[in-house]
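Here's the structure we're looking at; comments come further down.
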Amino acid sequence: MPTPEEILTELEGLRIKRESLFARIQNVLDSSRTLTSENVRLFRPRIDKLVELEARFEGIQDQIIDRNSQIKIAADKLEVLNVQKACDNIIYEVRGKYMDLIRSMPASSDTSSAPHTSTASKSSLPNIAIPKFSGKIEDWNNFISLFTSIIHKNATLSSAEKFVYLRSLLHSDALAVISALEVTPENYDLAFAALQNRYQNKRRLAIHYLSQIKNFTGSSLNTRNGLQHFLNIHSNSINALRALNIPDLADFLLFQMVSENLDTNIRKAFEAKIQSNSIPTYKELIDFVTEQCKTFEVVGAAETSNTSKSRLKSLPSKRPNSFLTKTKENNSPGSSRKRLPPAPTCPLCQSSHSLSRCEEFLAQGIQQKYDTIKSLKRCFNCLGNHFLTSCASTNTCKHCNGKHHTLLHAEKDSTKEIPPNSTTLTLSCRTTNNLLPHHVLLGTVQLFIQDEAGIFWPIRAVVDPGSQISAITLRTVNRLGLRRSQAKNIEVSGISGSYTKTQRIVNCTLRSKYSSESLKVNAVVLTSTANKLPTLPLPTSIRQKFMEIDLADSSFDQPSKIDFLIGADIYPHILSPHSPHIISGNPSAIRTLFEIQLLQQIKIPRKFPNDYQQLRLIGFCDASQKGFAACIYLCFLRDSSNYTILLKAKSKVAPLTPLSIPCLELSGALLLAKLFVSVRKSLSTFKIEETLLYTDAQIVLAWLQTMPHILKPFVANRVVKIIELTNPESCALNIQEGDVVFMCGINTHPLSWPIGRVETVLPGPDGVVRVVRVRTASGQYIRPVNKLVTLPPQ
1 MPTPEEILTE LEGLRIKRES LFARIQNVLD SSRTLTSENV RLFRPRIDKL
51 VELEARFEGI QDQIIDRNSQ IKIAADKLEV LNVQKACDNI IYEVRGKYMD
101 LIRSMPASSD TSSAPHTSTA SKSSLPNIAI PKFSGKIEDW NNFISLFTSI
151 IHKNATLSSA EKFVYLRSLL HSDALAVISA LEVTPENYDL AFAALQNRYQ
201 NKRRLAIHYL SQIKNFTGSS LNTRNGLQHF LNIHSNSINA LRALNIPDLA
251 DFLLFQMVSE NLDTNIRKAF EAKIQSNSIP TYKELIDFVT EQCKTFEVVG
301 AAETSNTSKS RLKSLPSKRP NSFLTKTKEN NSPGSSRKRL PPAPTCPLCQ
351 SSHSLSRCEE FLAQGIQQKY DTIKSLKRCF NCLGNHFLTS CASTNTCKHC
401 NGKHHTLLHA EKDSTKEIPP NSTTLTLSCR TTNNLLPHHV LLGTVQLFIQ
451 DEAGIFWPIR AVVDPGSQIS AITLRTVNRL GLRRSQAKNI EVSGISGSYT
501 KTQRIVNCTL RSKYSSESLK VNAVVLTSTA NKLPTLPLPT SIRQKFMEID
551 LADSSFDQPS KIDFLIGADI YPHILSPHSP HIISGNPSAI RTLFEIQLLQ
601 QIKIPRKFPN DYQQLRLIGF CDASQKGFAA CIYLCFLRDS SNYTILLKAK
651 SKVAPLTPLS IPCLELSGAL LLAKLFVSVR KSLSTFKIEE TLLYTDAQIV
701 LAWLQTMPHI LKPFVANRVV KIIELTNPES CALNIQEGDV VFMCGINTHP
751 LSWPIGRVET VLPGPDGVVR VVRVRTASGQ YIRPVNKLVT LPPQ
């Protein structure tokens, strides 16, 4: 959407062009004042040029009208009507002088001047309202049909004049197709053929109409404008698709759906094999893919075998014992002679260590540790099995000497509600689960990381392009024995300004579990990178969708710990050079160095019984002086028992302007109709046996059975809207030739509306009839169908 400043700048440029054209038209008028019978032949080229100047002037005027409609301040708009009137007066004066002089010439010169008279009469054609064509494929059918019927097949126009009209109606990419051709009669056919070769492509048009339907997004389908937009897009696209006369439309739709699932390189190879203007079939595509599959089987057999062997050799077969023993206590003097007390049991993970040494507890943030201790009913000071009020320990926090454990110490600048070590990724997960209707599936990968001994161990990582750093958990660093290096104070910030400080980084090597490619990474050491991902188990239907491909994380649907965070610093290096999207949709599968990861939002469907019977929708609405409300219930029969579920409800406060109770009841009925539309869309896959909508206002029921034109505007508008939402078929007009209709008047009583018969229906380029020609006792009229009232059949 251009800004007001850009619109004003464009208007200024159009004003300058219009003044230049007006000056040239004025020059033709000045030359006509010296017109005589001797120089009339020399003036003929100026008449031909005047036709071109008039067409260009009309185009500039149309552009100015479009820009004026986008400006709210009247003072900034350019004058159109007066300028057009002045230009028309000049053109009519020039043509009138020329025609008068031609008619007054002696008979001896009639033979030589007859062609000029015919041409002059052709130049007096009325203004042709053909929209300009810029090269957009969706505008081609409308443009070429109008141009062919009005200009191309007009026998009274010469080829040169047709070429002038054609150039004046093209701009942008479309004009570039014929810009190299000079305006001569011989080049008109070449220009017309060039445009047809470029844009008259059945398959390209069909793909465009299908994409309009597939990519349709209706943000407000519960309003009249939203539903009208829905009808316009789908009706126009489907009618235009049928008008292409594709031999087997069902086969083409099947081909298009299947071809979109192929890799880009395979599709390019298929397109190179067929002709661009032909309509390929589903069988041709399947035969081509079968040939490609055989080619890969022959060429890739040896490569697949070698790759499998290299993977088996590179995988670790046994974990070294050096990482399973703890040497700090066992190597102490006298450890073999003294009998140590039994190791304590961790109340969190049930392992043989204290809570202060639990890796799972240490990986939590400050607030999470407080919540854990509170749930375990432990002491906040010594973490013992008692409450703080009965703690006998004299130990205090080493940082602030407070009555809490050192592990529970929080910096003054940190936010208490947000764990300091939590990243933006973790926080956004928590927010999404509670506030949004979707569950955000973050991309996770399973990969190998190299330890100090050079052995690769499996870990699980999350891909976060929104993070400026890559991070590794302290638990993973200790488990692998990675060497940590000192760094300057690094502040890792999160949401709401919370941050944590670290001074340790590690240099590590990552490797894909499917290939030998590796990547060296500098990662910041953090206590925790993210909570378990995903936050809850996913439906099995999502997993079944990706059973046939190698996923970067084979357990993406089950919550599990995160050991590593891949940030934006290395994210570009893990992207695969192949096609990025393998399977589109929610979620999307994206190819990376670690094979395929899943990103995007997903929807977990609401649980619904499969053995239901006799689905019914029942809605109620009511109103009072303070507001109005509506609700819809779903009723069904299951196991010989009736069940009722509240699907949706909504209420609104009464407007500030006082309304009567019947008007509020009518507003409640409209709210119920909108709820019904939204619920019907959600249950489109179910068969609804019956729909019942109730209101206790008898006057509202009477209004709904009354012709809207005799009601007050407030009531009529809402009655029409309710009927359109609940029963749109009743609003459709099916006017045919020969029908007897009334022509609605704006300020006249219905009893005085003229009656007539439909002589001709005038469908648009999309085949939809919006205008008809009606014959009455006083003559013929062209009227839109929404201004006509059909008589009921006898």
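Going by the numbering used here, the first residue of the sequence shown is number 1, and it counts up by one from there.
Beta carbons: idealized from backbone N, C-alpha and C, even for Gly.
Sequence-distant partners of proline 763 (beyond 5 residues in either direction) whose C-beta falls short of 6 Å from its own C-beta, in its chain, are Val769. A Cβ-Cβ separation of about 6 Å places isoleucine 505 in contact with valine 525 under the 8 Å criterion. Ranked by how close their Cα comes to the Cα of leucine 791, the residues Glu759, Pro784, Gln780, Phe742 have Phe742 in first place. Counting only unbroken stretches of 3 or more residues, the beta strand (DSSP E) elements lying wholly within the segment 718–771 are 740–743, 755–763, in sequence order. With 16 or more other CB atoms across the displayed protein chains lying within 10 angstroms of its CB, cysteine 621 is buried.
By alpha-carbon distance to valine 740, the top candidate from Gly756, Leu725, Leu565 is Gly756. The C-alpha of leucine 101 is placed about 23 Å away from the C-alpha of serine 158.
About 5 Å separates the beta carbons of asparagine 222 and valine 677, which is inside the 8 Å limit, making them a contact pair.
Cysteine 87 and isoleucine 25 have their alpha carbons spaced roughly 8 Å apart.
Counting along the chain, lysine 85 sits inside no beta strand (DSSP E); it lies in the alpha helix (DSSP H) bounded by residues 81–103. The segment 132–144 and the segment 196–213 touch, with no fewer than 3 CB-CB distances between them shorter than 8 Å. By alpha-carbon distance to phenylalanine 252, the top candidate from Leu701, Pro280, His171, Asn265 is Pro280.
Looking at Asp30, Leu8, Arg33, Glu54, the one whose alpha-carbon comes closest to that of arginine 18 is Glu54. Using a C-beta cut-off of 8 Å, the segment 652–669 makes contact with the segment 688–708, since at least three inter-stretch Cβ pairs fall below that distance. Around the beta-carbon of histidine 409, fewer than 16 other beta-carbon atoms lie within 10 Å, marking it exposed. In this structure, the alpha-carbon of histidine 709 lies about 10 Å from that of valine 715. The three-state reading of DSSP puts glycine 668 in helix, counting H, G and I together. Excluding five sequence positions before and after threonine 34, none of the CB atoms of its chain fall closer than 8 Å to its own CB.
Counting the other Cβ atoms within 10 Å of the Cβ of glutamine 780 gives fewer than 16, which makes it exposed. With a cutoff of 8 Å on beta-carbon distance, lysine 652 and glycine 627 are scored as near each other. Threonine 529 has its alpha-carbon roughly 52 Å from the corresponding atom of glutamate 10.
Under the DSSP assignment, alanine 629 falls outside any alpha helix (DSSP H), being part of the beta strand (DSSP E) whose first and last residues are 627–638. With contact defined as three or more Cβ pairs closer than 8 Å, the segment 343–361 and the segment 511–519 are not in contact. Out of Glu186, Ala191, Thr776, Leu169, the CA that lies nearest to the CA of valine 177 is found in Ala191. The segment 463–479 makes contact with the segment 563–577, as at least three CB pairs between them are under 8 Å. In the DSSP annotation of this structure, proline 539 is not part of any alpha helix (DSSP H), being labelled neither H nor E. Here alanine 568 is not near glutamine 446, since their CB atoms are 8 Å or more apart.
If you ignore the 5 residues before and after valine 40, its C-beta comes within less than 6 Å of the C-beta of Leu101, all in its own chain and listed in chain order.
Under the DSSP definition of a beta bridge, valine 524 partners with Ala471, Ile505.
In chain order, Phe742, Met743, Cys744, Gly745 place their CB closer than 7 Å to the CB of tryptophan 753, counting only its own chain and leaving out the 5 sequence neighbours on each side. Contact annotation, isoleucine 632 with leucine 675: C-beta distance approximately 5 Å; criterion of less than 8 Å satisfied.
Secondary structure of threonine 691 (DSSP, three-state): strand.
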